[in-house]
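In the numbering used here, the protein residues as written are 5 to 93.
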């Protein structure tokens, strides 16, 4: 099952490494990643494979949200089908 991970916050050293390390700790594989810094704000979107994740996606989302708070970021995890339904024009 694929999921979408979004990360937003003030730019700082190590954001990508911290988020990727946290995901790897739950056995989540990153399939695609896009990131940019705009006027000091970091934004990243990832498509991940959560098929072998050690937690249900809802729990993964909670853990990653807490990780974001710890890093001073907003991190959201959603199943890809739900993300697509919410962003359909």
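All residues carry an ideal CB built from backbone N, CA and C; glycine is no exception.
Here the structure is a predicted model, which means the values were calculated and not measured.
Backbone secondary structure at residue 68 - three-state DSSP: The residue given as residue 68 occupies position 64 in the chain shown. Three-state result, residue 68: helix.
For the beta strand (DSSP E) containing residue 82, name the first residue and the last one. Residue 82 sits at position 78 when you count from the first residue of the chain shown. It spans 77 to 83 - the beta strand (DSSP E) in which residue 82 sits, taken as one unbroken run.
Would you call the CB atoms of residue 53 and residue 35 closer than 8 Å? Translated into positions along the chain shown, residue 53 becomes position 49. Translated into positions along the chain shown, residue 35 becomes position 31. Yes. Within cutoff.
Any idea if residue 72 is buried or exposed, counting beta-carbon neighbours within 10 angstroms, 16 or more meaning buried? Taking the first residue of the chain shown as position 1, residue 72 is located at position 68. Counting Cβ neighbours within 10 Å, residue 72 comes out buried, since at least 16 surround it.
For residue 66, which of 55, 30 and 85 has the nearest alpha-carbon? What you label residue 66 is simply residue 62 of the chain shown in a count that begins at 1. Closest option to residue 66, Cα to Cα, is 30.
Which two residues bound the contiguous alpha helix (DSSP H) that contains residue 27? For the purposes of this step, residue 27 is taken as the residue at position 23 of the chain shown. That run of the alpha helix (DSSP H) goes 19 to 29.
Keeping to the same chain, check which residues put their C-beta closer than 7 Å to that of residue 41; ignore five residues upstream and five downstream. On the chain shown, position 37 is the one that residue 41 refers to. Result list for residue 41: 15, in chain order.
Beta carbon of residue 8, beta carbon of residue 82: below 8 Å? Walking along the chain shown from the start, residue 8 turns up at place 4. Walking along the chain shown from the start, residue 82 turns up at place 78. Yes.
Residue 68 and residue 86 closer than 8 Å at C-beta: To locate residue 68, count along the chain shown from 1; it is residue 64. To locate residue 86, count along the chain shown from 1; it is residue 82. No. Outside cutoff.
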